[in-house]
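> Structure below; questions to follow.
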Amino acid sequence: MVVRHFILIIQTSAYPQMGALYLMNALLPFGIITHLLESSASCDELDALISQFDPIAVGCSVMTAPEIVDFVRHSVHVQRMYNTDRPRIPIIWGGMHATIVHEQTEKEWYINIVVSGEAEITLPRILMDIISRNRLPARKLVYAETSSRLDDLRPAWELVPELKRYVFSEAHSVHVRSHGTHDNILYYLLTSRGCTYKCDFCWETERTPAMVQEMKTRREYVDLTWRAHTPGWIENQIEYLSWRLAREGVRMDGVGLWDDMPFGKGGLHHTARAKRIFQMMHRRSFGYLLEARANQLIKTSNTWGGVMREADLYQYLQETGCMQVFVGTESAWQETLNLIRKGTRVSDYRRLVAVSREVGLPLRFSMIIGFPGETEDSIHATLDYVTELKGEPYVSVSGPKLFTPYPGTGQYAAAVKAGMRVPPDTLSWASINRYGDFEETFPWMRRHGVRTISRIREFWDEVASEKKYQPNQDAILEIVRTH
């Protein structure tokens, strides 16, 4: 088999880009080797890879603003340097942004193909067609075919040259009182895809209808809205990762689980799956990081001990090695939770805090302010709650962050109605980011009173002081100048 090459540009991150790793493995059986390049790399670095490997195409796995500037920069560079006469090296965009803003993305001159959805089945077909027939798809926009069995897919860990770069200590994520006994935790292992909840600020709510439509076109019923890896698949992955890290001189003793719905849809079968995963961690003396919804943690229908109460589940998690539970709390004001269709209650959060204190298991809340339609009372309640939680020994807070409007969601529509300027093209999405001037980006915030704005800025200064990505203005100007 003749080996061919594909360059995939990914968002710069301290953690593995799981979607890219799954794609790399999907391409291997076709004799296609994928070479990753971080989006922050220079065009000279991209040129060096192109010169070395003569790729079939250059792909861009695009999340969203503000890093989108770098993907546009690289795409424009390839078109101007290599594709002046014909698309010798086609540019393929995929990922979250291309999926939810595909109507706009496919209009850009510097993009040849747009893949909307999960690409493990579709991308190999596209690349093989380019290799064998030297032709692009008939339509620029290609809707991906979704794999119905998640266990048929896996990340290509073997192509990661230094796996230990993704190993961190417990203190990296757990910022409160903890046992702190785990020093080599791998970030992350994806254990499911999809979410069946209806939070109307989350991009999954835009993705789910596409999954439902795809399900309707299939001859047999397949649930694509939430698919999970089996405990056996997860154990095989952990065995391989432990072996690989041991070869690099690292004794793996924990893992971060990337799973929006670790308890599935709440049925007995899904609960049994969760238990098997947690028990497997316990057998290996592994610590694990978990993300879960408050309503699932509170549900007394989950019997984890001798009696039916909330602390039983938390106690079970701690005993099986859970180091921390991350909860997307969003707001401490019930009307706002109802507004964004979160499906949780403020009383759930307060009960979780009490349980974390009782059991001694760290809890991390993620808070958001700035939703269109959110009242000043709501903002103050959330900021007051963040201050209150600083006194809790087992609770830490991520944020408060500013709301990010994802196209296709109910809150995006509300943001546009409240005065947000719709980006006229892909590059303009760079301005829609939570690390810039929020009063300029989100005009509805200017309608709040002086005291409210002052409090937001006080909290925001703490968050903004972190080293967050800011779009390179020189790069934006250069792209605009050469259009």
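Note that this note's numbering has the sequence shown beginning at 39, numbered continuously upward. The C-beta atom is built at its ideal place from N, Cα and C for all residues, glycine as well.
(1) With Pro-269 and Arg-231 assumed to form a contact (beta carbons below 8 Å), what rounded beta-carbon distance in angstroms separates them?
(2) Alpha carbon to alpha carbon, what distance is there between Glu-357 and Val-468?
(3) From this set, Arg-187, Glu-196, Ser-185 and Val-153, which residue's C-alpha is nearest Pro-175's C-alpha?
(4) Only counting the same chain, and skipping five residues up and downstream in sequence, which positions put a Cβ closer than 7 Å to that of Asp-189?
(5) Can you tell which of Gly-446, Arg-485 and Cys-98 has its C-alpha closest to the C-alpha of Ala-456?
(6) Please tell me whether Pro-93 and Ile-45 are closer than 8 Å, where the distance is taken between their beta carbons.
(7) Assuming Ser-404 and Gly-446 are in contact, meaning their beta carbons sit under 8 Å apart, how far apart are those beta carbons, in whole angstroms?
(8) Would you mind giving the Cβ-Cβ distance between Thr-374 and Phe-409, rounded to the nearest angstrom? I have them listed as a contact below 8 Å.
(9) Using three-state DSSP, classify Pro-210 as helix, strand or coil.
(10) With a floor of 4 residues, list each alpha helix (DSSP H) that falls wholly inside the segment 231-261, ordered by position along the chain.
(11) Using alpha carbons as the reference points, say which of Ala-453, Val-40 and Ile-407 lies closest to Thr-490.
(12) If Leu-227 and Val-293 are in contact, beta carbons under 8 Å, what's the gap, nearest whole angstrom?
(13) Are the beta-carbon atoms belonging to Val-391 and Glu-430 less than 8 Å from one another?
(14) From Met-318 to Glu-273, what does the alpha carbon distance come to, in whole angstroms?
(15) Which residues bound the alpha helix (DSSP H) around Lys-313?
(16) Mapping the DSSP letters down to three states, classify Trp-147 as helix, strand or coil.
(17) Return helix, strand or coil for Phe-44, following the three-state DSSP convention.
(18) Compare the beta carbon distance of Tyr-523 and Tyr-53 with 8 Å and say whether it is the shorter of the two.
(19) CA-CA distance, Val-96 and Leu-262?
(20) From this set, Pro-461, Phe-480 and Leu-201, which residue's C-alpha is nearest Ser-453's C-alpha?
(21) Consult DSSP for Leu-174 and reduce its assignment to one of helix, strand or coil.
(22) Using the Cα positions of Leu-87 and Val-488, report the straight-line distance between them to the nearest angstrom.
(23) With a threshold of 16 other CB atoms inside 10 Å of the CB of Trp-281, please say whether the residue is buried or exposed.
(24) Of the residues Ile-470, Thr-122, Pro-193 and Thr-160, which one's Cα is nearest the Cα of Trp-131?
(25) The beta strand (DSSP E) with Arg-402 in it runs from where to where?
(26) Could you check how far apart the C-beta atoms of Val-107 and His-135 are, in whole angstroms? I think they sit under 8 Å.
(27) Taking the continuous alpha helix (DSSP H) assigned at Tyr-387, which residues delimit it?
(28) Taking the alpha carbon of Gln-353 as the reference point, which residue from Gln-55, Asp-422 and Leu-401 has its own alpha carbon closest?
(29) Can you check the segment 439-491 for any beta strand (DSSP E) of at least 3 residues that lies completely inside it and give the ranges in chain order?
(30) When the distance is taken between beta carbons, is Ile-336 closer than 8 Å to Arg-389?
(31) Judging by CA-CA distance, which residue of Arg-177, Phe-109 and Thr-243 is the nearest neighbour of Cys-81?
(32) In the segment 68-124, which residue ranges form an unbroken alpha helix (DSSP H) of at least 4 residues, counting only runs that do not cross its ends?
(33) Between Ala-332, Phe-316 and Asp-167, which lies nearest to Pro-326 when the distance is taken from Cα to Cα?
(34) Under 8 Å between the Cβ atoms of Ala-103 and Asn-376?
(35) For Asn-333 versus Asp-298, is the C-beta distance shorter than 8 Å?
(36) Is DSSP giving Ala-157 helix, strand or coil here?
Walking through what the data contain:
(1) That belief does not hold up - the Cβ atoms of Pro-269 and Arg-231 are roughly 16 Å apart, past 8 Å.
(2) It is Ala, not Val, that sits at residue 468 in the sequence shown. Ala-468 and Glu-357: Cα-Cα distance of roughly 44 Å.
(3) Here the closest residue by C-alpha is Val-153.
(4) Excluding sequence neighbours, Asp-189 sits near His-267, Thr-268 and Trp-271.
(5) When only C-alpha atoms are compared, the closest one is Arg-485.
(6) Less than 8 Å divides the Cβ of Pro-93 from the Cβ of Ile-45.
(7) Separation of the CB atoms of Ser-404 and Gly-446 is rounded to 21 Å, and the pair is thereby denied contact status at 8 Å.
(8) Yes, they are in contact, since the Cβ atoms of Thr-374 and Phe-409 sit about 6 Å apart, within 8 Å.
(9) According to the sequence as given, residue 210 is His; it is not Pro. His-210: helix per DSSP, three-state reduction.
(10) For the segment 231-261, the continuous alpha helix (DSSP H) assignments of 4+ residues that do not extend past its boundaries occur at 242-255, in sequence order.
(11) When C-alpha distances from Thr-490 are compared across Ala-453, Val-40 and Ile-407, the shortest belongs to Ile-407.
(12) Their Cβ separation, rounded to whole angstroms, is 5 Å, which keeps Leu-227 and Val-293 in contact under 8 Å.
(13) Their beta carbons are under 8 Å apart, which means Val-391 touches Glu-430 by this criterion.
(14) A direct Cα-to-Cα measurement between Met-318 and Glu-273 gives close to 8 Å.
(15) Per DSSP, Lys-313 belongs to the alpha helix (DSSP H) from 306-321.
(16) Three-state DSSP puts Trp-147 in coil, outside helix and strand.
(17) In this structure, Phe-44 counts as strand in the three-state DSSP scheme.
(18) As shown, the chain starts at 39 and ends at 521. That puts residue 523 outside it, with no answer to give.
(19) If I take the Cα positions, the gap works out to 28 Å.
(20) According to the sequence displayed, residue 453 carries Ala and not Ser. For Ala-453, the nearest C-alpha among the options comes from Phe-480.
(21) When secondary structure is reduced to three states using DSSP, Leu-174 falls in the coil class, being assigned neither helix nor strand.
(22) If I take the Cα positions, the gap works out to 52 Å.
(23) Trp-281 is exposed by the Cβ-count criterion.
(24) Looking only at Ile-470, Thr-122, Pro-193 and Thr-160, the smallest Cα-Cα distance to Trp-131 is reached by Thr-160.
(25) Taken as a continuous stretch (DSSP letters only), the beta strand (DSSP E) holding Arg-402 covers 401-407.
(26) In fact, because the Cβ distance is near 12 Å, the residues do not count as touching under 8 Å.
(27) Where Tyr-387 is concerned, the enclosing alpha helix (DSSP H) stretches over 384-397.
(28) Out of Gln-55, Asp-422 and Leu-401, Leu-401 has the C-alpha closest to the C-alpha of Gln-353.
(29) If you keep only unbroken beta strand (DSSP E) runs of at least 3 residues inside the segment 439-491, you get nothing at all.
(30) Cβ distance < 8 Å, so Arg-389 and Ile-336 count as in contact.
(31) Checking every option, the nearest Cα to that of Cys-81 belongs to Phe-109.
(32) Secondary structure in the segment 68-124: the alpha helix (DSSP H) runs of 4 residues or longer, each lying completely within the stretch, are 81-91 and 106-120 in chain order.
(33) Just to set this straight, residue 326 is Tyr in the shown sequence, not Pro. Comparing Cα-Cα distances from Tyr-326 to each of Ala-332, Phe-316 and Asp-167, the minimum goes to Phe-316.
(34) No, the pair does not count as a contact, with Cβ atoms beyond the cut-off.
(35) No, these two residues do not count as a Cβ contact at 8 Å.
(36) If DSSP states are grouped into helix, strand and coil, Ala-157 belongs with coil.
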